[in-house]
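In mature numbering (1 follows the signal peptide of the UniProt record, and there is no 0), the protein residues as written are -20 to -1, 1 to 346.
Glycine included, C-beta positions come from ideal geometry on N, C-alpha and C.
Working notes, beginning with the structure itself.
And the structure:
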């Protein structure tokens, strides 16, 4: 591949926080209470055989590598050892693993929950093109944002429609049989990390991932719904949300098919409590930097489009987007939002100009 045009797309209609299950939060401190599992993430040098030997010696079963990491393995406690369903931390087992010469990083996995981030209008909206003011603003919004939109059509005219780009939508599933999505869907690079199968279809009323996928790749001129901002791009569904997850599972989703997926769309994050400042855990954070480093060139790694939190300051006249703890790598694009009475989405990320992350088109040679 000699030339590759990347569409870095922050979702066109984002993001109001939904309420999360707070049953694992301390009611006084409003901070999460760790619920530990029977799984460990263990860095082992020496290959799969060394990992298997160490796992067996300490009463674990090596379940295989975590995501795309070469030396990090998923160790699961064997059935004849302690029952950890109570959610307790077994520090002595972690210490024993760390005593091995070939072992580096060790972490007993604990459960955490991510919130979906999305825009929730106050009234029912028509999904057709005429109502997509974020892409086609013909006067739907009021001053001071009258006619303000993504200015996407001039980019489309120049040929930047997402063609040749594969976007991985990491979310609560994608309704990939939908008439406006099925032609762009790529099953080969899709996966369900909840049920461990290759069908990332959502369950029950989950619809967030389908909406996000539509905002990116809805087909143009097919008389169905609206138009995606990168309507010629391909899309892979990576179902992660929907239940509590662990750091190793997050990392597996964020590094899945990383040699094929160009952009990972992550419109979710930690609960916004205005007290808790949280972000991706150790392994998930490694995905952003490790993907670039192992490819040998920072520009060649996949890109991550992450939603940052917005907090309404008391007595403030506007929403300020907090610099997200998720945004630690040049391979990350953080998107923020404001929902104001004028029905506009304002965007503000520290160190970047207005609208910079709305639509960035970059061409580079590999």
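In its own chain, which residues sit with a C-beta less than 6 Å from the C-beta of residue 170, not counting the 5 before and 5 after it? In the chain shown, the residue the question calls residue 170 occupies position 190. Around residue 170: 180, 216, 217.
Let me know if residue 229 comes out buried or exposed under the rule of 16 or more other beta-carbons within 10 Å of its beta-carbon. Position 249 of the chain shown, counting from 1, holds the residue named residue 229. By the neighbour-count rule (16 or more Cβ atoms within 10 Å), residue 229 is buried.
On the DSSP letters alone, give me the boundaries of the beta strand (DSSP E) that residue 53 sits inside. Along the chain shown, read from residue 1 onward, the residue named residue 53 stands at position 73. Residue 53 -> beta strand (DSSP E) spans 52 to 57.
Restricting to Cα atoms, I'd like to know which of 225, 243, 238 is closest to residue 260. Within the chain shown, numbered from 1, the residue matching residue 260 stands at position 280. Comparing Cα positions, the closest option is 225.
Supposed close pair residue 198, residue 160 - CB separation, criterion 8 Å: On the chain shown, residue 198 is found 218 positions in, with the first residue counted as 1. On the chain shown, residue 160 is found 180 positions in, with the first residue counted as 1. The beta carbons of residue 198 and residue 160 sit about 5 Å from each other, so the pair counts as a contact at 8 Å.
Between the alpha carbons of residue 166 and residue 76, how many angstroms are there, rounded? By one-based count along the chain shown, residue 166 stands at place 186. By one-based count along the chain shown, residue 76 stands at place 96. Each residue's Cα considered, the two are about 43 Å apart.
Note down, in chain order, each residue of its chain lying with its Cβ closer than 7 Å to the Cβ of residue 51, except the 5 sequence neighbours on either side. The residue you call residue 51 lines up with position 71 of the chain shown. Around residue 51: 23, 24, 25.
Which residue wins for smallest C-alpha separation from residue 265, given the options 139, 231, 238? Stepping through the chain shown from its first residue, residue 265 is reached at position 285. Of the listed residues, the one whose Cα sits closest to residue 265 is 231.
Between which residues of its own chain and residue 57 is the CB-CB distance below 7 Å, once the five residues before and five after are set aside? One-based indexing of the chain shown puts residue 57 at position 77. 18, 39, 40, 64, listed in sequence order.
Please state whether the Cβ-Cβ distance between residue 173 and residue 238 is less than 8 Å. Numbered from 1 along the chain shown, position 193 holds the residue referred to as residue 173. Numbered from 1 along the chain shown, position 258 holds the residue referred to as residue 238. It is not a contact, given that the beta carbons lie outside the stated cut-off.
Limits of the unbroken beta strand (DSSP E) element including residue 216: Position 236 of the chain shown, counted from the first residue, corresponds to residue 216. Annotation: the continuous beta strand (DSSP E) that includes residue 216 extends over 214 to 219.
Does the beta-carbon distance from residue 54 to residue 21 come in below 8 Å? Taking the first residue of the chain shown as 1, we reach residue 54 at position 74. Taking the first residue of the chain shown as 1, we reach residue 21 at position 41. Yes. Within cutoff.
Beta strand (DSSP E) segment containing residue 22, residue limits: As a first step, residue 22 must be located in the chain shown, where it is residue number 42. Run containing residue 22: 15 to 24, per the beta strand (DSSP E) assignment.
At which residues does the beta strand (DSSP E) containing residue 146 begin and terminate? Here the question's residue 146 lines up with position 166 in the chain shown. For residue 146, the enclosing beta strand (DSSP E) begins and ends at 146 to 151.
What do you get for residue 138, buried or exposed, if any count of 16 or more other CB atoms within 10 angstroms of its CB means buried? On the chain shown, position 158 is the one that residue 138 refers to. So residue 138 counts as exposed.
Fully enclosed by the region 128 to 193, which beta strand (DSSP E) runs are 3 residues long or longer? 146 to 151
Can you name, in chain order, every residue of its own chain whose Cβ lies under 6 Å from the Cβ of residue 153, other than the five neighbours on each side? Working through the chain shown from its first residue, we reach residue 153 at position 173. So the qualifying residues of the chain are 180, 181, 182, 186, 189, 219.
What would DSSP say about residue 72, mapped onto helix, strand or coil? Indexing the chain shown from 1 puts residue 72 at position 92. Helix at residue 72.
Use the C-beta contact count for residue 72: other C-beta atoms within 10 angstroms, 16 or more gives buried, fewer gives exposed. Here residue 72 corresponds to residue number 92 of the chain shown, with the count starting at 1. It is exposed - the Cβ of residue 72 has fewer than 16 other Cβ atoms within 10 Å.
Between the CA atoms of residue 163 and residue 156 - distance to the nearest angstrom: Locating residue 156 in the chain shown gives position 176, counting from the first residue. Locating residue 163 in the chain shown gives position 183, counting from the first residue. Cα-Cα distance, rounded: 9 Å.
Distance check for residue 35 and residue 222, CA to CA, integer angstroms please. The residue you call residue 222 lines up with position 242 of the chain shown. The residue you call residue 35 lines up with position 55 of the chain shown. If I take the Cα positions, the gap works out to 30 Å.
Host alpha helix (DSSP H) of residue 243 (start-end): By one-based count along the chain shown, residue 243 stands at place 263. Segment 243 to 246 is the beta strand (DSSP E) holding residue 243; no alpha helix (DSSP H) there.
Between the Cα of residue 195 and the Cα atoms of 207, 203, 202, which residue gives the shortest distance? Position 215 of the chain shown, counted from the start, is the residue given in the question as residue 195. Out of 207, 203, 202, 207 has the C-alpha closest to the C-alpha of residue 195.
Rounded to a whole number of angstroms, what is the C-alpha to C-alpha distance between residue 119 and residue 96? Within the chain shown, residue 119 is the residue found at index 139, counting from 1. Within the chain shown, residue 96 is the residue found at index 116, counting from 1. Rounded to the nearest angstrom, the two C-alpha atoms are 29 Å apart.
Give the single residue among 112, 46, 111, 30 whose Cα lies nearest to the Cα of residue 87. As a first step, residue 87 is located in the chain shown; it is residue number 107 there, counting from the start. Taking only the C-alpha atoms, the option nearest residue 87 is 46.
Residue from 81, 233, 111, 209 whose Cα sits closest to the Cα of residue 175: Locating residue 175 in the chain shown gives position 195, where the first residue counts as 1. Nearest option by C-alpha distance: 233.
Would you report the Cα separation of residue 278 and residue 85, rounded to the nearest angstrom? To locate residue 278, count along the chain shown from 1; it is residue 298. To locate residue 85, count along the chain shown from 1; it is residue 105. Note that residue 278 scores a pLDDT of 30, beneath 50, so its modelled location is shaky and nothing firm can be said.
Can you tell me whether residue 124 is buried or exposed, with buried defined as 16 or more other CB within 10 angstroms of its CB? To locate residue 124, count along the chain shown from 1; it is residue 144. Exposed is the call here.
Would you kindly report the start and end of the unbroken alpha helix (DSSP H) that includes residue 45? On the chain shown, residue 45 is found 65 positions in, with the first residue counted as 1. No alpha helix (DSSP H) holds residue 45; the beta strand (DSSP E) holding it covers 40 to 45.
Exposure label - residue 134; buried when at least 16 CB within 10 Å: In the chain shown, residue 134 corresponds to position 154, counting from 1. Under a 10 Å Cβ-count criterion, residue 134 is classified as exposed, with fewer than 16 other Cβ atoms of the shown protein chains found around its own Cβ.
Any idea what DSSP makes of residue 209, helix, strand or coil? Indexing the chain shown from 1 puts residue 209 at position 229. Residue state, collapsed to three classes: coil.
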